[in-house]
Each structure stands twice: as C-alpha cells, then as structure tokens.
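*Asks:*
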Ligand code: CAO
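Numbering (this note's numbering), first residue to last: 70 to 532.
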C-alpha cells in the first residue's frame, strides 16, 4: 500500500499555528477536500482540506501542538486511480460550475460568515484561492474589531468588541440551529466556542422564552445580525431607551399577525362645523376640542354594533375571547417615544368627557407620568396622524387587540352631493387594519362603512 505524508500547506503566515481540532481519526476513509485539521494563528482560524483521497494511516500531531508550513500532519494511504476517480466524481456532484467545485462547502461557510463577520482582505484572498481550486488555507474565522453581541441590560442590544473562535463542526451546529455565535459564551481554551456552549446557549434561550423572561419577539429582534456600518462612514452608537425597545418588541410581535388594511374617506364637513361651533364652550371648560374625541365616540359605537372587532384570539386554547366592555387606546407621540393610554368605557362617556380624558392622558404621556394601568386593557386603538399630515398609512394591529384605526389629515375635496352637484367637502382618510384571523374582509368594509355613516352624521350616535 502506498502512503503519503500530508503536510501543512502554504499559509501566508510566517509564524506557528496551533492545532485546535483534528477532524479525522486513524482508519477513516476521507475524500479530497475533507477537513483534516483546524489550525489557529493569532489572526484567524483556518481549516486544512485534504489534498488527496485515501485512508488515514497515522496522525502526526495532537491538539495543542504548534506547526508551520511543511510540517507533517498525517499519513494517508494513496491509490492514485481511486483518488483521481473520486476527484472527478466529487467535481461532478458539486455541479458544473468549476469555480465552486473543490471548496464548495468552505465557500458556503465563508459566505454565511461574511453576512455577519465580513471577512478581511486576507480571507477574501483565501476564498478566491479556494475558488480557483488551490488547496490553500481558507480562513473560516477572522477576528473582527466589532460584532454585535447581546448583553443582559435594559437596552437589549449593545455593540461590543468580541472575537469568535469556533471550529467547523461548531459553526455547522450553530448554523443548523440559527445561533449567532457572537452571542455564545465560550468555555474552550483561548475563548474557543464548543458545541456544549452552543447547546447551553440554546437551552438558556428556550428556558427564558418559556418562563417569559424574554419574549420570543425580543429573541427575533436580537437574532438579526448587522454589518459593520463604520466601514461606510462615521457612526455613533447609543443605547435604545426602554420605551423604544419595548415599542420595537411590540411591533415585532404584532407584525406576525396576518393583517389587512381597509381604506376609506369620511365626509366630516358637518362634524367639523359642529366641533368649531363648540370652541368657545370648550374654552370655558378649559378644554381643546379636537376630532379625536368624536372619532373615539364613533369607534365605540361601531365596536358595540360589530362585536366581532372586540375580541382577542387564544389560539393555544382555540378560544375566542369576547369583551363586553369598550376600552380604546390612542397613540400619543412624545419626545420619549410612543405611548398608548387607554380610555375606559368610551361608549359610556360624553364627547366632553372624552376630550378631557384625551387631553389629560396625552399631556401626562408627554411627561412620562402615566401609570401602567392607564396603558392596559385596550380593546381597540386609534392612531391619529391627522394633525401632522399624510394621505393614508397602514397602522399595525396592537395585538392581542384585533383592529386599529389610522386617521390621516382631513382635506377639502370635491364630492358629489345630492345627486349630481360637486361641492367642496372636508374628507377625512381612514385606514382600518385588522387581524384577518379574527375578522374577515367583509366585516372590515362593514366597520369603515358604519364609521362613515356615524361620523358623517353625528345624530346617528343618539339612536
Ligand atoms: N385632520 C386635520 N386636522 C386635524 C386632524 C385631522 N385628522 N386631527 C387633528 N387635527 C387638528 C386639530 O383639530 C388641531 O387643530 P385646531 O387647533 O385648529 O383645532 C390640530 O390638528 C392639532 O391637534 P392635536 O394634535 O393637538 O390634537 P389631536 O387631538 O388631534 O391629537 C394626539 C392628539 C395625542 C392623538 C396627537 O397629539 C398625537 O400624539 N398624534 C400622534 C399619534 C401617533 O404617533 N401615531 C402613530 C403611532 S404608530 O406609529
């Protein structure tokens, strides 16, 4: 039986490399390009592919040894016919693209890593060499100045300096489980990440989600890896406020709801005339009467008429929870972020009462003086951007509620009135987003149609 030494190939590194993983055992039959060892310099972790097919007869190194170019790694039985046949079949099975044949797996690994770690020029060179079929070192793991990492704390996401050291088996395992290695605490020598570390990380994440310590939506948020933006220009990094992070988390959770937005326009010419006629009364009461009080009242009427919008779904229990109260939240834009105070029993309150409560809750939201209870228990939400502008938008359902009304800026528009006369009317754009698991499309259109009727003629509210 012929045998041949497999040596440490040219690395472009003058110094010594440490053997950190031996991927084969004596007696193993290996193919061309199978990983035989993983070496580590102070700059990179590299995988050495086998230049030949054959059987491992002897291993000349141990984990922890220092090696350099030309040192023997192992002894391989060689059968040149088998080897060339295997080389051909290996090429054929990897497709017709000759550039991706001999190092397909490694390149895939680099591509995956580059999305997160963005290899340096060195690795790009090695990648290019690998594409050409050279049995060159292919750095799998390049030290980075900055990668994203998650630390316990109120900001949720921090940018820290961190190095990721892990062998191919660990990387494969982490990829299969969708784990960002930058978040895993290493326990191996030289801060190397082991398979057990990845397993422990997965276990702790699952436990935290199950115990409610972290929500699955925050896990989703934290799993999105970012490139190093500083490569493209100057950046600065600051912690997100709790309010900002919670809002992002809620949006992420609510975004998973299959939702549809129904648009419509309501003629509020008469409503506005009435509102303006009450201006001095409002002032004498110390109030500012804006459209929101009317919108809330009209929504309460519609929610009472169409109770299918006043529900929450408990899919785990296969139950529909019908609410017999009408509490409506309204979005308040503040310098500290978005708050959604909830007005209780809107259907039982007068327009004056609603205007007063809106004013009070909005001003306390701006001062961060709302209690948690004042932001809980909503059945439905109104988000009014009318004072700011826009013709329409698609609000995101504030889950576990099943619908939200977006209100845009009212504008004078020509409209047909009484048959065939055009008149200038004040039209208010409405966007109703609803959870399509709870509400069907016909009901979505019913909701906005009824809202149009009520807001178009406030006398409807008296009936
Ligand atoms: N079209 C035209 N004008 C409108 C309007 C509309 N849809 N809605 C309000 N206005 C007018 C008001 O009438 C008022 O004008 P007058 O003083 O002449 O009467 C002016 O705009 C300012 O209104 P306001 O903002 O003081 O009061 P409001 O009751 O309309 O809104 C609140 C209160 C809390 C809803 C609002 O301040 C706010 O924070 N909106 C932002 C909500 C938000 O961020 N939503 C997005 C959430 S999800 O991304």
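Just so you know, even glycine gets a beta-carbon here, dropped at the ideal spot from N, CA and C.
Quick one: is residue 514 buried, meaning 16 or more other Cβ sit within 10 Å of its Cβ, or exposed?
*Replies:* When all chains shown are included, residue 514 counts as exposed.
*Asks:* Counting pairs of beta carbons, one from the segment 321-333 and one from the segment 415-431, are three or more of them closer than 8 Å?
*Replies:* The answer is no - the segment 415-431 does not touch the segment 321-333, with fewer than three Cβ pairs under 8 Å.
*Asks:* Please classify residue 304 as buried or exposed, where buried requires at least 16 neighbouring CB atoms within 10 angstroms.
*Replies:* It counts as exposed.
*Asks:* Mark residue 294 as exposed unless 16 or more other C-beta atoms lie within 10 angstroms of its C-beta, in which case mark it buried.
*Replies:* With fewer than 16 other Cβ atoms within 10 Å, it is exposed.
*Asks:* Can you find the residues in the same chain that come closer than 6 Å, C-beta to C-beta, to residue 475, ignoring five residues on each side of it along the sequence?
*Replies:* Excluding positions up to five away in sequence, the list reads 452, 462, 464, 500.
*Asks:* Measure the CB-CB distance between residue 481 and residue 363 and report whether it falls below 9 Å.
*Replies:* Not in contact: residue 481 and residue 363 (Cβ atoms no closer than 9 Å).
*Asks:* Confirm the yes/no value for this check: CB of residue 463, any heavy atom of the ligand CAO, distance under 8 Å.
*Replies:* Result no, Cβ not under 8 Å from the ligand CAO.
*Asks:* Going by the C-beta, is residue 356 closer than 8 Å to any heavy atom of the ligand CAO?
*Replies:* Not so, every heavy atom of the ligand CAO lies at least 8 Å from the Cβ.
*Asks:* Going by C-alpha distance, which of 473, 435, 359 is nearest residue 421?
*Replies:* If we check each option's Cα against that of residue 421, 359 comes out closest.
*Asks:* With distances taken Cα to Cα, identify the nearest neighbour of residue 374 among 394, 381, 504.
*Replies:* The shortest Cα separation from residue 374 among 394, 381, 504 belongs to 394.
*Asks:* Can you grab the Cα-Cα spacing for the pair residue 119 / residue 386, in whole Å?
*Replies:* C-alpha separation (whole angstroms): 55 Å.
*Asks:* With a Cβ-Cβ cutoff of 9 Å, do residue 130 and residue 145 count as a contact?
*Replies:* No, the Cβ-Cβ distance between residue 130 and residue 145 is not below 9 Å.
*Asks:* Going by the CB atoms, is the gap between residue 411 and residue 455 shorter than 9 Å?
*Replies:* Cβ atoms of residue 455 and residue 411: not closer than 9 Å.
*Asks:* Of the residues 380, 483, 406, 255, which one's Cα is nearest the Cα of residue 471?
*Replies:* Answer by Cα proximity: 380.
*Asks:* Please list the terminal residues of the continuous beta strand (DSSP E) segment that includes residue 400.
*Replies:* Run containing residue 400: none; DSSP gives neither H nor E here.
*Asks:* Runs of 4 residues minimum, wholly inside the segment 415-460: which ones carry the alpha helix (DSSP H) assignment?
*Replies:* Entirely contained in the segment 415-460, the alpha helix (DSSP H) runs reaching 4 residues are, in chain order, 420-435.
*Asks:* I need the boundaries of the beta strand (DSSP E) containing residue 330, first residue and last residue.
*Replies:* Residues 328-336.
*Asks:* Identify which residue in 110, 416, 136 has its Cα closest to the Cα of residue 259.
*Replies:* It is 110.
*Asks:* Going along the chain, which residues of its own chain have a beta-carbon closer than 6 Å to the beta-carbon of residue 432, five neighbours each way excluded?
*Replies:* Answer for residue 432: no residue qualifies.
*Asks:* Consult DSSP for residue 312 and reduce its assignment to one of helix, strand or coil.
*Replies:* Of the three classes helix, strand and coil, the one that applies to residue 312 here is helix, per DSSP.
*Asks:* With a threshold of 8 Å (Cβ to nearest heavy atom), would residue 517 be considered close to the ligand CAO?
*Replies:* No, the beta carbon of residue 517 sits no closer than 8 Å to any heavy atom of the ligand CAO.
*Asks:* If you measure between the beta carbons of residue 275 and residue 250, is that distance less than 9 Å?
*Replies:* For residue 275 and residue 250, no; Cβs fall outside 9 Å.
*Asks:* Please state whether the Cβ-Cβ distance between residue 105 and residue 117 is less than 9 Å.
*Replies:* Cβ distance < 9 Å, so residue 105 and residue 117 count as in contact.
*Asks:* Let me see if you follow: with CB-CB separation under 9 Å, is residue 73 close to chain C or not?
*Replies:* As a matter of chain content, chain C is missing from the structure shown, which is built from one protein chain.
*Asks:* Is it right to say residue 115 is buried, meaning 16 or more other beta carbons lie within 10 angstroms of its own, or is it exposed?
*Replies:* Buried.
*Asks:* With distances taken Cα to Cα, identify the nearest neighbour of residue 415 among 406, 430, 396.
*Replies:* Taking only the C-alpha atoms, the option nearest residue 415 is 396.
*Asks:* For the pair the segment 309-317 and the segment 482-490, tell me if three or more CB-CB distances fall below 8 Å.
*Replies:* At 8 Å Cβ cutoff, the stretches do not touch.
*Asks:* So within the segment 324-388, which uninterrupted alpha helix (DSSP H) runs reach at least 4 residues, ignoring any that extend past its ends?
*Replies:* Whole alpha helix (DSSP H) segments, 4+ residues: 338-346, 348-353, 360-374.
*Asks:* For the beta strand (DSSP E) that residue 463 lies in, which residues bound it at each end?
*Replies:* Looking at the DSSP string, residue 463 is not in any beta strand (DSSP E), and its letter there is neither H nor E.
*Asks:* Which stretch, first to last residue, makes up the alpha helix (DSSP H) that contains residue 70?
*Replies:* Counting along the chain, residue 70 falls outside any alpha helix (DSSP H), and DSSP gives it neither H nor E.
*Asks:* Under 8 Å from any heavy atom of the ligand CAO, does the C-beta of residue 132 make it?
*Replies:* For the ligand CAO, not one heavy atom lies less than 8 Å from the Cβ of residue 132.
*Asks:* Taking the alpha carbon of residue 468 as the reference point, which residue from 339, 318, 271 has its own alpha carbon closest?
*Replies:* When each option's Cα is compared against that of residue 468, the closest is 318.
*Asks:* State yes or no: is the C-beta of residue 471 nearer than 8 Å to some heavy atom of the ligand CAO?
*Replies:* No, the ligand CAO has no heavy atom inside 8 Å of this Cβ.
*Asks:* Is residue 478 near the ligand CAO, judged by its Cβ being under 8 Å from some heavy atom?
*Replies:* Yes, Cβ of residue 478 sits closer than 8 Å to a heavy atom of the ligand CAO.
*Asks:* Rounded C-beta distance between residue 256 and residue 265? I'm assuming under 8 Å.
*Replies:* So it is a contact: roughly 7 Å between Cβ atoms.
*Asks:* Where residue 534 and residue 494 are concerned, what is the direct C-alpha to C-alpha distance, given to the nearest angstrom?
*Replies:* Nothing about residue 534 can be reported from this structure: the residues present for the chain run from 70 to 532 only.
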